[in-house]
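For the sequence shown, this note's numbering begins at 831 and goes up steadily by one.
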Amino acid sequence: MTPTPFPPIELATRVGELYGADFVLYEEIGRSVRTEILALLPPGWTFDGKRVLDFGCGAGRTLRHFLEEAEVGSFFGCDIDGPSIAWLGSNLSPPFEVFRNEEEPPLPLAAASLDLIWAISVFTHISDHWAAWLVELHRVLETTVCLSRRPSAPASPKNGPMQRPIRGRHGEGRSSTRPTESE
Ligand SMILES: C[S@@+](CC[C@H](N)C(=O)[O-])C[C@H]1O[C@@H](n2cnc3c(N)ncnc32)[C@H](O)[C@@H]1O
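The following block contains the structure:
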C-alpha cells in the first residue's frame, strides 16, 4: 500500500508544533483524534453512505486517517487556508472532496446535507463569527453529531479526554468534558 503523503512542513506546522523534523507527533495527534471521534459516535454508527465534513481541516491531519472510511462514505474537508486546501486537492482528492471557505458563512453545501461534522481546534481560532458558524453547521447537518474539540497531545499526562459534542439533532452527544489543551 502506498504511504499517505505528508504535507509540506509549513502546512503541518501551521496547525501545531511538530517538535522535530519528522511527522511523528503530527501523525500521532491525527490518529488519536480519529480514535476519539469514533468513540463519540452513537452505537451502531457506520460510515456507509454517510456524508462527513471536517470543518477547518487544515492540510488533513485528521482527515488523512479516514481514507478507509472514505471508500464507503463521502468525506469533505474545508478551511479558509488556500495553500492547505490546494495541497489536499492535489494529494488526497480523491477520495476527499475539499474546498476553501470564506471567513464568514455560508458553506457551499445544501441544508441538511451532512450526517457528521467535526471541527478540531477550529473554534478556538474564530473570534468574530463563531456564533454564525455554529448556526451554519447546524444548517448543513441532517442527523447525528457535530463534534468540536481541541486535540489532546497524546503523550502529555496533563491532557485528559476532551470530548465536546456541540449538538445532536437526531443522534446523541455523549460527553461534555472540558478541553484542557491550549492549541
Ligand atoms: C489549529 S488548526 C487545526 C486544523 C485541523 N482541524 C487539525 O486538527 O489539524 C485551525 C484551523 O482552523 C482553520 N480555520 C480558522 N478559521 C476558520 C473558518 N472560519 N473556517 C474554516 N477554517 C477555519 C485554520 O485555517 C486552521 O487550519
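Yeah, the Cβ is synthetic: ideal placement off N, Cα and C, and Gly gets one too.
Applying the 10 Å Cβ sphere with the 16-neighbour rule, what's the burial state of residue i?
{"i": "V882", "result": "buried"}
{"i": "G990", "result": "Low confidence applies to G990: its pLDDT is 38, below 50, so where it sits in the model is not reliable, and the reading given next is rough at best. G990 is exposed by the Cβ-count criterion."}
{"i": "L944", "result": "buried"}
{"i": "E898", "result": "exposed"}
{"i": "D884", "result": "buried"}
{"i": "S1102", "result": "For the chain, the structure presents residues 831 to 1013; residue 1102 sits outside this window and is missing."}
{"i": "P987", "result": "Any reading at P987 is ruled out, since the residue's pLDDT is 37, under 50, leaving its predicted position unreliable."}
{"i": "M992", "result": "Bear in mind that a pLDDT of 38 at M992, under 50, signals an unreliable position, so the number given afterwards is only what the model happens to contain. That one is buried."}
{"i": "T843", "result": "exposed"}
{"i": "A985", "result": "Low confidence applies here, because A985 scores a pLDDT of 48, under 50, leaving its location unreliable; read the following figure in that light. When all chains shown are included, A985 counts as exposed."}
{"i": "L870", "result": "buried"}
{"i": "I839", "result": "exposed"}
{"i": "S920", "result": "exposed"}
{"i": "T854", "result": "First, the residue type needs correcting, since residue 854 is Val and not Thr in the sequence shown. V854 is exposed by the Cβ-count criterion."}
{"i": "V965", "result": "exposed"}
CB of residue i to nearest heavy atom of ligand 1: below 7 Å?
{"i": "G912", "result": "no"}
{"i": "E857", "result": "no"}
{"i": "T843", "result": "no"}
{"i": "G919", "result": "no"}
{"i": "T892", "result": "yes"}
{"i": "V952", "result": "yes"}
{"i": "I956", "result": "yes"}
{"i": "W875", "result": "no"}
{"i": "G888", "result": "yes"}
{"i": "F885", "result": "yes"}
{"i": "E933", "result": "yes"}
{"i": "D878", "result": "no"}
{"i": "D852", "result": "no"}
{"i": "D909", "result": "yes"}
Do residue i and residue j have their CB atoms nearer than 8 Å?
{"i": "F929", "j": "P935", "result": "no"}
{"i": "A889", "j": "L967", "result": "no"}
{"i": "A1018", "j": "P925", "result": "Residue 1018 lies beyond the stretch modelled for the chain, which goes from 831 to 1013, so this question has no answer here."}
{"i": "R891", "j": "Y849", "result": "no"}
{"i": "R864", "j": "F896", "result": "yes"}
{"i": "I867", "j": "W948", "result": "yes"}
{"i": "L918", "j": "F905", "result": "no"}
{"i": "V952", "j": "G886", "result": "yes"}
{"i": "H959", "j": "E933", "result": "yes"}
Throw me the rounded Cβ distance for the residue i and residue j pair, which I believe falls under 8 Å.
{"i": "G903", "j": "D878", "result": "7 Å"}
{"i": "I910", "j": "N931", "result": "6 Å"}
Report whether the distance from the Cβ of residue i to the nearest heavy atom of ligand 3 is below 7 Å.
{"i": "G846", "result": "The ligand content of the structure shown is limited to ligand 1, which means ligand 3 is not among them."}
Can you list, in chain order, the stretches of the alpha helix (DSSP H) that have 4 or more residues and sit fully within the region 846-878? Runs of the alpha helix (DSSP H) inside the region 846-878: 854-870.
Give, in chain order, every unbroken run of the beta strand (DSSP E) that is at least 3 residues long and sits entirely within the region 936-978. Runs of the beta strand (DSSP E) inside the region 936-978: 946-950.
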